[in-house]
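Peer 1:
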Amino acid sequence: MSMQLIWKHVSNEWFYTKSALFVFSTSAAIVMLSLTFGWGLEFLPKSVEHSVMNAFSNPSPMAQVGFTLAGVSVAAGHIVIFVGMFRFWAVCDRSRPIARRIWFVIMIVGVLVGLSLGTALYCFMVYLPQMLKNSVKQSQRIEA
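Residue numbers for the sequence shown follow the numbering used here, so the first one is 1 and each next one is one higher.
1) Let me check understanding here. Comparing Cα to Cα, which of Arg-87, Met-125, Leu-35, Gly-77 lies closest to Leu-112?
2) Run the CB neighbour count on Trp-103, radius 10 Å, all protein chains shown included, and call it buried at 16 or more, exposed below.
3) How far does the alpha helix (DSSP H) with Val-105 in it reach, from first residue to last?
4) Please report the residue range of the alpha helix (DSSP H) in which Thr-68 lies.
5) Under 8 Å, do Ile-81 and Phe-24 count as touching if we go by C-beta distance?
6) Checking 8 Å against the spacing of the C-beta atoms, do Met-85 and Met-107 come in under that value?
7) Buried or exposed: which applies to Gly-77, given that a residue is buried once 16 or more other Cβ atoms fall within 10 Å of its Cβ?
8) Could you check the C-alpha separation between Thr-119 and Val-72 for me, to the nearest Å?
9) With a threshold of 16 other CB atoms inside 10 Å of the CB of Gly-110, please say whether the residue is buried or exposed.
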């Protein structure tokens, strides 16, 4: 019910605007960077991991502000890309049905593996190419 309240103010045509393209590509990049950083900490040698954790344990006030802003942007990126790409998949995606089913599985498995990993991959591999094709077709119509 609450998602309907949010999304009834956003039309399907909005997904094809430059602002939507910017919002989703930025959110997907933030998600991928945050997951890369988080997983990267797991594979560091113990001595390096200890140094990194010491740097985060007693940060300066400016670093605390930076960490807070980074945390908020990562959380917002995960929410935006998760909700937006599932909505795009359900309503606007023009892929073949088998491709849509495969991407649905990838997005669900991505939630289990790394929160919004599947939806970020969907954004880069399906949403962005469809939007770029759409913008090329629009510019060709304008020129003609």
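Where a beta carbon is used, it is the ideal one built from N, C-alpha and C, also for glycine.
Peer 2: According to the data block:
1) Within the sequence shown, residue 112 is the residue found at index 112, counting from 1. Nearest of Arg-87, Met-125, Leu-35, Gly-77 to Leu-112, Cα basis: Leu-35.
2) Residue numbering aside, residue 103 sits at position 103 when the sequence shown is read from its first letter. Burial call: buried.
3) What you label residue 105 is simply residue 105 of the sequence shown in a count that begins at 1. Its alpha helix (DSSP H) spans residues 97 to 114.
4) Along the sequence shown, one-based indexing puts residue 68 at 68. 61 to 87 is the span of the alpha helix (DSSP H), which, as asked, contains Thr-68.
5) Against the sequence shown, residue 81 aligns to sequence position 81. Against the sequence shown, residue 24 aligns to sequence position 24. In this structure, Phe-24 lies closer than 8 Å to Ile-81 by Cβ.
6) For the purposes of this step, residue 85 is taken as residue 85 along the sequence shown, with counting starting at 1. For the purposes of this step, residue 107 is taken as residue 107 along the sequence shown, with counting starting at 1. Yes, they are a contact pair.
7) Your numbering for residue 77 matches position 77 in the sequence shown. Counting Cβ neighbours within 10 Å, Gly-77 comes out buried, since at least 16 surround it.
8) As a position in the sequence shown, residue 119 is number 119, starting the count at 1. As a position in the sequence shown, residue 72 is number 72, starting the count at 1. If I take the Cα positions, the gap works out to 19 Å.
9) Here residue 110 is taken as the residue at index 110 of the sequence shown, counted from 1. With 16 or more other Cβ atoms within 10 Å, it is buried.
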